[in-house]
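What follows is one structure encoded as structure tokens, with my remarks underneath.
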Amino acid sequence: MFYRRPMKLLVQVEDSLLGQVASYWEFYGKPCRLLLRPAKAENLTAVTLDMDNPDAGSFVWALVERLHVRLYDADTRQTVKAEEVFMY
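Per my numbering, the sequence shown starts with residue 90, numbered consecutively.
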């Protein structure tokens, strides 16, 4: 998947889906560093990553499309829509 520009993202993931996140990360060749942190809400985890290469873009796209995660700009903490990140 083509991304519009490199971004530092926070990905909000349900705790029960962390195994699938790791599986997709390995499938795409571990394209970026992941930092897992507890989110402010219960049963959620925040995954911080830099989407700065095509494989990282494909990894994030898989998370959005298959796991229905929420994306946030890591610097501003503002919600980011998939349409703002990826070219369809």
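We put the CB at the ideal spot given by N, CA and C, even for glycine. As the structure is a computational prediction, the values presented were derived from the model and not from experiment.
By the 16-neighbour rule on beta-carbons within 10 angstroms, PHE148 is buried. Between VAL169 and TYR92, the alpha-carbon positions lie close to 13 angstroms from each other. When secondary structure is reduced to three states using DSSP, TYR117 falls in the coil class, being assigned neither helix nor strand. Residue burial annotation: PRO143 is exposed, with fewer than 16 other C-beta atoms found within 10 angstroms of its C-beta. Following the DSSP letters along the chain, one finds PRO95 in no alpha helix (DSSP H), marked with neither H nor E.
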